[in-house]
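Numbering (UniProt numbering), first residue to last: 1 to 547.
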């Protein structure tokens, strides 16, 4: 039985079932959620430079446990046609600079100017592969109109070539503004000579005066947070206030107030943009070093190689107000990962009866959607309950707000660690959702956020993409929701593209359908005859390690 036929026996549930067509108002892009955040003042929305076009999709192209076999660039290059086929437009690749050892991820960064070209730290190639493979990856991506986003690590350096003696003071690890020792001399790993590279690309050598802190005294073999003392040397003030001052994160912490450090990093930013045809950057550890220097770096990129770069910062704070403050400091010239949204996803996914109506409360995508990169997991954290991942991905991929980023580990699995995931998440449906983003997630949006454990929304389509969709989610029992999809769809038969409900929904003469959802699940309903339906669930090669 069609669900719209069932509706005729349930009219007492819906006071507007018999509403004449002339009285039905096509809803605008407004949320019915009473917890909807405040309007953003116009001056906060002034910068759109570098923002991607509508419905583009970004993928994080690695996870922490990718094999250290120096073949990752090769595998990504071979996977590009498959990724393009499911709607990926841009790939955030892992840090491609030389790490402190052959298996270094790249956040343990040794040399900004070594992309797998020089014999340093026990290897010529990086963990991901030699420079030639990186260049081939970037070229293959460019040939298929896929952008490459560089993971930019500018907070610290690791794997120094030698120790040097200098004066420090120990700091309280819980309050880095509080000294807990008298000045003392230590031997720290801060000498960077780059002997394998010599002076190719840059003649800059790093020594103790180029850093603000370390966490290891090689002379006493002791761990502590040591702040380096010297003329005009201190923690940066425009960083996160966690632990009093969160300038120091790990390894040898760069002093971005030092003119030689600043000049070398600015030079590198221009160099990497001429060396590789990248389309944007991720700014790592943005809360740990000077925001004013980051602004200078971004301005330099804009004025040289990156006028149209998409730039996204990793500012890992759960309070949306702090993200908004950072964006203001940066003149809204970058976007940010929506860490508060990830926190909402995690909390509600692990809470019996979590209130779905408040899923976007206090998030960046609620308060500044134009600058929010939404995500469900990354290399650092997979904290969302598995059943909730399809719901979360539906909420970031199919809605009009935010710029979504899908995670390599959810597409291909996680290859190790304390919680390995041998295959893709979402029961393998993530490629269906990404294709649906391209085909059907267009036009105005109406939210049906009116029930605690069951919410829904509709995309109405536009002139170029007229089909639209209806999405319904439940973190409780099986349920249904009556939603308006538009008069022009009257008489159409809609089915669940995910295949988790087998019913067919008939859209009635007033443009309404009654859409079901299974318990703890999501369903995405689209006209069964819509363009692209026959191929939306075509196979995707989940085994990237066979490439």
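Ideal Cβ positions, reconstructed from N, Cα and C, are used throughout, including at glycine.
- Distance check between residue 529 and each of 492, 518 and 508 places 492 closest, using alpha-carbon atoms only.
- Straight-line measurement puts the Cα of residue 393 at about 37 Å from the Cα of residue 256.
- DSSP places residue 170 within a strand segment (E or B) once states are collapsed to three.
- In summary, residue 198 is exposed, with fewer than 16 beta-carbon neighbours lying within 10 Å of its beta-carbon over all protein chains present.
- In the DSSP assignment, residue 281 is bridged to 150 and 311.
- Rounded to the nearest whole angstrom, the CA to CA distance from residue 521 to residue 348 is 14 Å.
- Fewer than three Cβ pairs drawn from the region 228-235 and the region 267-277 lie within less than 8 Å of each other, which leaves the two stretches out of contact.
- Setting aside the 5 residues that flank it on each side, residue 495 is surrounded in the same chain by 504 and 528, each with a C-beta closer than 6 Å to its C-beta; the list follows chain order.
- Counting every other CB atom within 10 Å of its CB across the protein chains shown gives residue 478 a total below 16, marking it as exposed.
- Exclusion of the five residues before and after residue 87 leaves 57, 434, 435, 437 and 438 as the residues of its chain whose Cβ lies within less than 7 Å of its Cβ.
- When the alpha-carbon of residue 237 is set against those of 177, 272, 280 and 271, the nearest one is in 177.
- For residue 273, the enclosing alpha helix (DSSP H) covers residues 259-275.
- Within the DSSP bridge table, the entry for residue 512 names 484 as partners.
- For the region 429-479, the full-length beta strand (DSSP E) segments reaching 3 residues or more read 445-448, 454-459 and 469-474 along the chain.
- Around the beta-carbon of residue 545, fewer than 16 other beta-carbon atoms lie within 10 Å, marking it exposed.
- Straight through space, the alpha carbons of residue 307 and residue 447 are spaced by roughly 36 Å.
- Among the bridge pairs identified by DSSP, residue 373 is matched with 337 and 403.
- With three or more CB-CB distances shorter than 8 Å, the region 399-416 counts as touching the region 368-382.
- In the structure shown, residue 126 falls within a strand segment according to DSSP collapsed to helix, strand and coil.
- The C-beta distance from residue 143 to residue 194 rounds to 33 Å, too long to fall under 8 Å, and the pair is not in contact.
- Closest in alpha carbon position to residue 276, among 470, 537 and 132, is 132.
- Per DSSP, residue 292 is one residue of the alpha helix (DSSP H) stretching across 291-303.
- Shown here for residue 384: same chain residues with a beta carbon closer than 7 Å to its own, the five before and five after excluded, namely 345, 346, 349, 376, 377 and 392 in chain order.
- Residue 274 counts as exposed, since fewer than 16 other beta carbons sit within 10 angstroms of its beta carbon.
- Put simply, of 225, 152 and 451 the residue whose alpha carbon is nearest the alpha carbon of residue 301 is 152.
- DSSP places residue 388 within a helical segment (H, G or I) once states are collapsed to three.
- In the three-state DSSP reduction, residue 74 falls in the helix class (H, G or I).
- DSSP places residue 493 inside the beta strand (DSSP E), whose first and last residues are 493-496.
- Only exposed fits residue 519, as fewer than 16 other CB atoms lie within 10 angstroms of its CB.
- With a cutoff of 9 Å on beta-carbon distance, residue 487 and residue 468 are scored as not near each other.
- In the displayed model, residue 288 falls within a helix according to three-state DSSP.
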